[in-house]
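Visitor:
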Ligand SMILES: *[C@@H]1O[C@H](CO)[C@@H](O)[C@H](O)[C@H]1NC(C)=O
Ligand SMILES: *[C@@H]1O[C@H](CO)[C@@H](O)[C@H](O)[C@H]1NC(C)=O
Ligand SMILES: *[C@@H]1O[C@H](CO)[C@@H](O)[C@H](O)[C@H]1NC(C)=O
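Residue numbers (the UniProt record's numbering): 1 to 403.
(1) Hey, would you say the C-beta of residue 88 is under 7 angstroms away from at least one heavy atom of ligand 2?
(2) Hey, which unbroken runs of the beta strand (DSSP E) at 3 residues or more fall wholly within the segment 218 to 287?
(3) Which of the three DSSP states is assigned to residue 126 in this structure?
(4) If you draw a straight line from the alpha carbon of residue 341 to that of residue 164, how long is it in whole angstroms?
(5) So does the segment 322 to 338 actually touch the segment 211 to 220, counting three or more Cβ pairs closer than 8 angstroms?
(6) Identify which residue in 106, 291, 182, 183 has its Cα closest to the Cα of residue 330.
(7) With three or more C-beta pairs closer than 8 angstroms as the rule, is the segment 292 to 311 touching the segment 260 to 278?
(8) Could you check what DSSP says for residue 166 in three-state terms: helix, strand or coil?
(9) Are three or more beta carbon pairs between the segment 103 to 121 and the segment 79 to 91 nearer than 8 angstroms?
(10) With residue 203 as the anchor, note down where its alpha helix (DSSP H) starts and where it stops.
(11) Kindly indicate the opening and closing residues of the beta strand (DSSP E) around residue 138.
(12) Cutting at 7 angstroms between CB atoms, please list the residues of its own chain near residue 383, excluding the five before and the five after it.
(13) Nearer than 7 angstroms: is that true of the beta carbon of residue 102 relative to any heavy atom of ligand 2?
(14) Assign residue 292 to one of three DSSP states: helix, strand, or coil.
(15) Whole angstroms are fine: how far does the CA of residue 239 sit from the CA of residue 378?
(16) By alpha-carbon positions, which one of 173, 179, 224 ends up nearest to residue 313?
(17) Is DSSP giving residue 149 helix, strand or coil here?
(18) At which residues does the beta strand (DSSP E) containing residue 304 begin and terminate?
(19) Tell me whether residue 155 sits in a helix, a strand or coil according to DSSP, three-state version.
(20) Would DSSP call residue 180 helix, strand or coil?
(21) When the Cα atoms are used, what is the spatial distance from residue 94 to residue 131?
(22) What span of residues does the alpha helix (DSSP H) with residue 316 cover, start to end?
(23) Are there three or more Cβ pairs, one per stretch, closer than 8 angstroms when the segment 140 to 149 is compared with the segment 176 to 187?
(24) I'd like the list of long-range same chain contacts for residue 274, defined as Cβ closer than 6 angstroms, with 5 residues on each side in sequence excluded.
(25) Hey, residue 206 and residue 169 are a contact pair by Cβ (cut 8 angstroms); roughly how many whole angstroms apart?
(26) Measuring only from the beta carbon, is residue 234 closer than 7 angstroms to any heavy atom that is part of ligand 3?
(27) Nearest CA to the CA of residue 227: which residue from 390, 166, 189, 124?
(28) In the DSSP assignment, the beta strand (DSSP E) including residue 117 goes from what residue to what residue?
(29) For ligand 3, I want to know if residue 186 counts as a neighbour, meaning its beta carbon is within less than 7 angstroms of at least one of the ligand's heavy atoms.
(30) Hey, could you find the ends of the alpha helix (DSSP H) residue 107 is sitting in?
(31) Just reading off the alpha helix (DSSP H) that residue 334 is part of, what are its end residues?
(32) Of the choices 258, 381, 269, 315, whose alpha-carbon is the least far from that of residue 289?
(33) Could you give the DSSP three-state label for residue 172: helix, strand or coil?
(34) Does DSSP put residue 338 in a helix, a strand or coil?
(35) So is residue 293 buried or exposed if we call it buried at 16+ other beta carbons inside 10 Å?
(36) Just reading off the alpha helix (DSSP H) that residue 113 is part of, what are its end residues?
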């Protein structure tokens, strides 16, 4: 649930900020159908590749940085007993009239442990040396979003050393809902993990209302595998995060991750949407409360290792809530911690001409936080553009002209 209020009105809204996260983001609700179609196409394409064992892997193109040694979990049977649905929820008044995904949420919300199908156990070295990882990028991705993951690997999500510190990356995934599709996509994820060592996959249905589950499982994983990580970037796979700027900013944060930090696009004074058509519809059967605690939009936010551990502790006692970023707000509230707007955010919305050409000036991206409706290839072009050694800002640069 992010910025859905402001998104209702305008398609292009740029927030000026001397910062870090370029959020290339469509509202989740708009992506829905397009994603379903894209997912199908991508799935199909992947199968074509999988059926051609002699051709070189599509995954091996353009790998930018060496990947640390990884551990791919064997295809072991589930170590956990399957969590059973709570049939009593059918007795909740009005249950029968609820949309299917909400019924599902209520049936399974008590299930908070799921087996890991794919792991990268040594992502941070060992737990004891994990403090050497300065920034862990934890990117929520649905199994079908292969192209987005590939672009991120080549651009802002590169595992690298920058400004003297280590950046590491993991994609957080579940299993595609459709059984046949899910099988193929799980095979794809296995290939990707073999190639890049950056996929965590849990054995639950990867759906919008299970994003909180994904988040909670990630915090639990971090607790055992990367407890010393200094900072975490947590976001979706359709954003562009300027990781150079993020590192520069975090290097200046006191405490090196041992103090509370939770920053992003701060959202306050909102509550559950009770309109059934909305993707964010949360009926009274899920929460009677009319307000949400302050939280940061989940498209992209930064937290310290300290805050990640605190969220983990709190999540043990707080019932799952279907909207992931709101849930983090609940955990913070329970811990007596506050989410914050990034210091540099000036809330002045700047309208940018709707022409893509004009808004594609890389110098904008030294300053802008949010940009909607970029397509993945633009991330690649933009990442390259902001790293041009001869990029001089203050002067208009039309990068399309140099292509
Ligand atoms: C639902 O409620 C009825 C009556 O209150 C009770 O008899 C029944 O056992 C309940 N069903 C479940 C699955 O809890
Ligand atoms: C099952 O649902 C009922 C009705 O909402 C609830 O009272 C009960 O605590 C739930 N049981 C579990 C194990 O979550
Ligand atoms: C979440 O995942 C569980 C386990 O796969 C599944 O049973 C449940 O239906 C999912 N919930 C939603 C809302 O998709």
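Backbone N, C-alpha and C define an ideal beta-carbon position, used for all residues, glycine too.
Guide: With the given structure in hand:
(1) yes
(2) 231 to 236, 262 to 264
(3) coil
(4) 27 angstroms
(5) yes
(6) 291
(7) yes
(8) strand
(9) yes
(10) Per DSSP, residue 203 belongs to no alpha helix (DSSP H); it is in the beta strand (DSSP E), 199 to 205.
(11) 133 to 140
(12) 155, 156
(13) no
(14) coil
(15) 11 angstroms
(16) 224
(17) helix
(18) 300 to 304
(19) coil
(20) helix
(21) 49 angstroms
(22) No alpha helix (DSSP H) holds residue 316; DSSP gives it neither H nor E.
(23) yes
(24) none
(25) Actually they do not touch by this definition, with Cβ atoms about 18 angstroms apart.
(26) no
(27) 124
(28) 116 to 118
(29) no
(30) 100 to 108
(31) 324 to 335
(32) 269
(33) strand
(34) coil
(35) buried
(36) Looking at the DSSP string, residue 113 is not in any alpha helix (DSSP H), and its letter there is neither H nor E.
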